[in-house]
Amino acid sequence: MTIPEPPPATLRLKIDREALAANWRALDRLSGSAAAGAAIKADAYGLGVAKVVPTLLDAGARQFFVAHWSEVAPVLAAGAAPEQLAVLHGVNTPADAAYAVATGVRPVINSLRQAALWREAGGGLCHLMIDTGMNRLGLPPSDIGDGAIAALDIDIILSHLASAEDDTDQSARQLVVFETARTGVKARRTSLANSAGIALGSGYHFDLTRPGLALYGGLPCEALAGELAQVAFPQAMVMQVRSVPTGGLVGYNATFRAPHPMRTATLSLGYADGILRCWAEGGALLHEGRVLKIIGRVSMDMIVVDCTDVPDLAEGDFCDLPYSLVAAAETTGLSQYELLTLLGDRFAR
Ligand SMILES: *Cc1c(COP(=O)(O)O)cnc(C)c1O
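All residue numbers for the sequence shown refer to my numbering, where the first residue is 45 and numbers rise by one.
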C-alpha cells in the first residue's frame, strides 16, 4: 500500500531564510578579504541542511564543513558540489577513504595515520587540520615535517580556536603556533577563525573563515551583537485546555500544586524534542506576545503551561517558544550550541 502523507505537524520549527542569508552576508563582510564558509555539521546545527544549504549557496557560500561521512549525502542532495564539502573527522578507516574518493568530498586529515590511510586509498586533494593547542583532533605541529604530510596535496590548511569568545590570550598563542606551522606546509588556502574568531580581527581571517553558531543566530561574543538575527523559531500546538482546581497536581511526580484555580494548556512538545527539563525552571512560551509560564515537569512529549491570564488561548492554537539564543541559554543553563543542536526531528522544518 502507499502510505498517505502525514497531516500537518503540531510541532514546527520556522526557519527564517532571509535572516540566515543576512547573517552569512554579515559574517562574510566582517571576514574582510577572506571568504566566509559555513559549518553545517549536525544537520546545520539542528536546523536542517535541506533548507540551510540552498539558502547559503544563494547567499554566496562556497565552502562547507560537516563532521561525519554520514552527513555528506544530504548536503550533496541539497545542492553543494563535492569539492565544496569538507569532512572534519577525516578518514578513520579505509572505508572512509574509499567513500571520500568515490564521492569527491575532501577529508580533513588530522594525523599521520589519517595521512597514510588517505594515500593508500589513492589520495587526491585534501585539507589538513593542525592542532595549535586545543589538544583535541588535529596534527601536532611536531609531526608537520613527516614525509606523509609532504606527500599530501593540500587545499586548506586549518586550525581551530579553543576560546575565541573569551577574553584570553589563548587565541593569540594559537595564532603564533599556526603561523609557524603553516610555513612548513604547502597549501592553497588557510583558515583559522570560527564565528567568534571573526571578531578577533583581520590577523585571524586568512583566506577563509568558518562560522557556525553565528550563522544560525547565536551570539558567541558581544563584538558581533547587532550583526546577527534569530533564525530558528519553534512553535507547538495547544492540544488541550483544562481547569485545575486549587491543590490540583500537574505533571510527573506532582512537582506543581495549583495555588488557586487555574486554566492550563498542554502543548505538543517535550524533552524528546530537545526541550529539556531545565526549561521548567523559569521557562515560558508565548501566545501573541503573552507569557505562558511552564508548570510542573517537562514530559517526553508534552509541556503544561499556565494560561489563566490568557483566556482566549484555545485548543489548536500555536504557541511560540522564545528561542533568542542568548536569553534561552540564560533561562536553561544550556549553551547556545546545545539549544540549537538539541532540536529534534519531530519539528516540521
Ligand atoms: C564547529 C566548527 C566551526 C564552527 O564553530 P562556531 O563556533 O560554531 O562558529 C568551525 N571550525 C571547526 C573545525 C568546527 O568544528
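All C-beta atoms in this analysis are idealised placements derived from N, C-alpha and C, irrespective of residue type, glycine included.
Asked, Found
"Determine the closest residue to residue 345 out of 304, 369, 313 and 273, with distance taken between C-alpha atoms.", "313"
"Answer with buried or exposed for residue 127, where buried requires no fewer than 16 other C-beta atoms within 10 angstroms of its C-beta.", "exposed"
"First and last residue of the beta strand (DSSP E) that includes residue 108?", "108 to 110"
"According to the neighbour-count rule (16 or more other Cβ atoms, all chains shown, within 10 Å of its Cβ), is residue 179 buried or exposed?", "exposed"
"Among residues of its own chain, excluding the 5 on either side of residue 60, which ones have a beta-carbon nearer than 6 angstroms to its beta-carbon?", "275"
"What is the DSSP secondary structure of residue 140, reduced to helix, strand or coil?", "helix"
"Does DSSP classify residue 357 as helix, strand or coil?", "coil"
"Quick check: what's the CA-CA separation for residue 318 versus residue 94?", "20 angstroms"
"How long is the line joining the alpha carbons of residue 358 and residue 284, rounded to whole angstroms?", "8 angstroms"
"Taking just the CA atoms, how far does residue 52 sit from residue 294?", "28 angstroms"
"Could you tell me whether any non-hydrogen atom of ligand 1 is closer than 7 angstroms to the CB of residue 151?", "no"
"On the CB-based measure, 16 or more other CB atoms within 10 Å of its CB, does residue 306 come out buried or exposed?", "buried"
"To the nearest angstrom, report how far apart residue 63 and residue 88 are at their CA atoms.", "15 angstroms"
"Using a Cβ-Cβ cutoff of less than 6 angstroms, which residues in the same chain neighbour residue 392 once the five nearest sequence positions on both sides are dropped?", "53 and 56"
"Is the beta carbon of residue 252 closer than 8 angstroms to that of residue 78?", "yes"
"In its own chain, which residues sit with a C-beta less than 6 angstroms from the C-beta of residue 281, not counting the 5 before and 5 after it?", "54, 312 and 362"
"DSSP beta-bridge partners for residue 234?", "201"
"Using the beta-carbon count (16 or more within 10 Å), is residue 227 buried or exposed?", "exposed"
"Is the beta carbon of residue 207 sitting closer than 8 angstroms to the one on residue 173?", "no"
"Which residue comes first and which comes last in the alpha helix (DSSP H) that contains residue 214?", "214 to 227"
"Could you tell me whether the region 190 to 200 touches the region 236 to 246, where touching means 3 or more Cβ pairs closer than 8 angstroms?", "no"
"By the DSSP assignment, the beta strand (DSSP E) with residue 158 in it spans what residues?", "Not the beta strand (DSSP E): residue 158 falls in the alpha helix (DSSP H), residues 156 to 164."
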